[in-house]
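Numbering of the sequence shown is given in the numbering used here, commencing with residue 1081 and proceeding in unit increments.
Even for Gly, the Cβ is constructed at its ideal location relative to N, Cα and C.
Bear in mind the structure is a predicted one, so any value in this text is a computation, not a measurement.
Here the structure comes first, spelled out in structure tokens, and everything after it is commentary.
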Amino acid sequence: MRFTEHLGAHITPEWRKQYIKYEELKDMLYQAKEDAPSPEFASEPDIERFYAKFEEKFFQLCDKELSKVNTFFSEKVAEAMRNFAQLQDEIRQVDSKTVHTVAERLARRRSTVFAKPRLELDKNKSQRQKLADVKLAFSEFYLSLILLQNYQNLNFTGFRKILKKHDKMMETERGTQFRQSRVEAAPFFTNKQIDNVILEVETLYINELEAGNRTRAMNKLRVPPLGAKGTNWTTFRVGLYSGIFIVLMFIVVYAGIGAKDAGIEWRPAVRMYRGMFLVILMIFLLGINTYGWRKSGVNHVLIFELDPRHNLSHEQLLEIALFLAVLWSMSILAFIYCHFVGIPSYANPLILAGFMFLFFINPTRTLYYRARFWLLRILFRILIAPFHPVGFADFWLADQLNSLQTVLLDVEFFLCYYSCEVSWLGDHNCKYELRVGGRGERSARRSTQQLTDCVT
1081 MRFTEHLGAH ITPEWRKQYI KYEELKDMLY QAKEDAPSPE FASEPDIERF
1131 YAKFEEKFFQ LCDKELSKVN TFFSEKVAEA MRNFAQLQDE IRQVDSKTVH
1181 TVAERLARRR STVFAKPRLE LDKNKSQRQK LADVKLAFSE FYLSLILLQN
1231 YQNLNFTGFR KILKKHDKMM ETERGTQFRQ SRVEAAPFFT NKQIDNVILE
1281 VETLYINELE AGNRTRAMNK LRVPPLGAKG TNWTTFRVGL YSGIFIVLMF
1331 IVVYAGIGAK DAGIEWRPAV RMYRGMFLVI LMIFLLGINT YGWRKSGVNH
1381 VLIFELDPRH NLSHEQLLEI ALFLAVLWSM SILAFIYCHF VGIPSYANPL
1431 ILAGFMFLFF INPTRTLYYR ARFWLLRILF RILIAPFHPV GFADFWLADQ
1481 LNSLQTVLLD VEFFLCYYSC EVSWLGDHNC KYELRVGGRG ERSARRSTQQ
1531 LTDCVT
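Laid out in structure tokens, this is it:
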């Protein structure tokens, strides 16, 4: 991976303008090589004057970028030290016995709530809440230190690489001299306070907040690799599902043209599959939005109050959407060719809807459990919104649900159809889809139209 891509993938979005302008410096070097006078048409003194003028401009920009990085880093270090002092004061206020008591209680898993006086229960609850707040504050502070440490490393690597490229292209040693005299002596590189504070935070968290349990403490403090999440396998699956979905859509269109004359009552199915498709489309567009937010420097993780250590990347969102889109297409084909697959056609949208519902409410810690739990939690907060303060994530998701009113109407139609219009007994006729009340095709269409008028 080129350093330009590496830098773009690992920067902290809200600090985007505070990093070295590596791409601009690199473009200056290539532009200088293109604009340099040709030895065939210019004398050697003219060429030397051109490169001398360019290097003066180039190193002025390097010096400007170095000052910018130093200033920003110094401000952040001062802010970090103030925050660390406040956290040290807070941890002194936490009774050390509380930590050990909570740890022992969690280990024993004994429920003694009803055996304790009310006053003692309230006191224990208050202590546990205070301890949880201090742990969360330390976890967030530790993450900010890692981001600042990453800022140090990325900028030094950027200066080192661009100066090395300068020396290689200009066939000089001035870049190396600038790095040794200015960059390696700069405060952002020589300052080791962040490294020391990181070690102190780890020690405090282990000894004071986790009763000496290093493994448990580091699991909570652990920061995943910074940058845009994604693996080669995730990218591969996104491409695979995209290809399969495109092929299946061509087949669906072709099969749908012939299905009009096959005697299948397809009008109710259109509303059922439409609602599920819009949900899938929303997930897909959210993946694209997430990609755009990151590229534009919008820290959506902070805005939506997501866990910085556990959140879905744009590739993972696209993977989920495309996987569901493949299942959606296959369900439509099974609906159309119900005679061949041996499944009543109107059982197919029900199976697909049931799978999607179980996917989102799956209680096991698999299939992006944290992201699904976050979604269910926000939905629950929307339902009880009058009884608690509304956050940005609550407002945003409620606004999306307003935009998805068509989906909500289709869900209503879906429930009414399978509750009132489908005969769950008797032989299943593929033509009338789980046998629509045993009526003929004209009666079924009239009933469907009445049901449509009812729910809309």
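Assigned with DSSP and collapsed to three states, H1380 falls in helix. Straight-line spacing of the CA atoms in P1429 and F1330 works out to 20 Å.
Here the stretch 1391-1401 makes contact with the stretch 1364-1379; the two share three or more CB pairs at distances below 8 Å. Below 8 Å, too few C-beta pairs join the stretch 1089-1097 and the stretch 1112-1122 to call them touching: fewer than three.
Restricting attention to alpha helix (DSSP H) runs no shorter than 4 residues, the stretch 1422-1509 encloses them at 1427-1441, 1449-1463, 1472-1483, 1485-1496, ordered along the chain. Under the 10 Å beta carbon count, I1242 is surrounded by 16 or more other beta carbons and is classified as buried.
Here E1385 is near A1473, since their CB atoms are less than 7 Å apart. Note: H1390 is bridge-paired with D1387 in the DSSP secondary-structure output.
For K1137, the enclosing alpha helix (DSSP H) stretches over residues 1124-1173. Considering only F1153, R1082, L1279, A1212, the residue with the shortest C-alpha distance to F1164 is L1279. When secondary structure is reduced to three states using DSSP, N1287 falls in the helix class. Here V1214 really is in contact with I1171; their C-beta atoms are around 6 Å apart, less than 8 Å.
Annotated as proximal: L1358 and V1487, with beta-carbon spacing under 7 Å.
The beta carbon of V1263 sits closer than 8 Å to those of L1146, F1236, F1239, R1240, L1243, F1269, all from its chain and outside the five residues before and after it, given in chain order. D1126 is positioned such that its CB atom lies closer than 7 Å to that of P1117.
The continuous stretches of alpha helix (DSSP H) do not include T1092, and DSSP gives it neither H nor E. Excluding residues up to 5 positions away in sequence, N1428, L1432 lie with their Cβ nearer than 6 Å to the Cβ of S1411 in the same chain. Within the same chain, Cβ atoms closer than 6 Å to the Cβ of L1227 are found at T1092, the five residues on either side in sequence being excluded.
Close CB contacts of L1489 within its chain, under the 6 Å cut and outside five residues either way in sequence, are absent.
For Y1110, the secondary structure class from DSSP, reduced to helix, strand or coil, is helix. Judged by DSSP secondary structure, G1255 falls within the alpha helix (DSSP H) whose first and last residues are 1254-1258. Leaving aside the five residues that flank F1152 on each side, the residues in its chain whose CB is nearer than 7 Å to its CB run, in chain order, Q1098. Around the beta carbon of C1500, fewer than 16 other beta carbons sit within 10 angstroms, so the residue counts as exposed. Boundaries of the alpha helix (DSSP H) around R1374: 1347-1375. Short of 8 Å from the beta carbon of V1491, and not among the five residues preceding or following it, lie these beta carbons of its own chain, in chain order: G1355. Taking W1373 as the centre and dropping the five residues before and after it, the same chain places the C-beta of H1380 closer than 7 Å to its C-beta, in chain order. Here F1435 is not near A1349, since their CB atoms are 7 Å or more apart.
The beta carbons of E1282 and L1301 sit about 7 Å from each other, so the pair counts as a contact at 8 Å. Under the criterion of beta carbons closer than 8 Å, A1297 and S1224 do not qualify as touching, at roughly 18 Å. Judged by their CB atoms, T1084 and E1103 are nearer to each other than the 7 Å cut-off. When C-alpha distances from G1255 are compared across C1496, C1142, H1468, the shortest belongs to C1142. The continuous alpha helix (DSSP H) containing R1296 extends over residues 1294-1301. Of the residues assessed, E1290 falls on the buried side of the cut-off, its CB having 16 or more other CB atoms within 10 angstroms. In this model, F1439 and Y1353 are separated by some 17 Å (Cα to Cα).
Contact annotation, V1332 with L1463: C-beta distance approximately 36 Å; criterion of less than 8 Å not satisfied.
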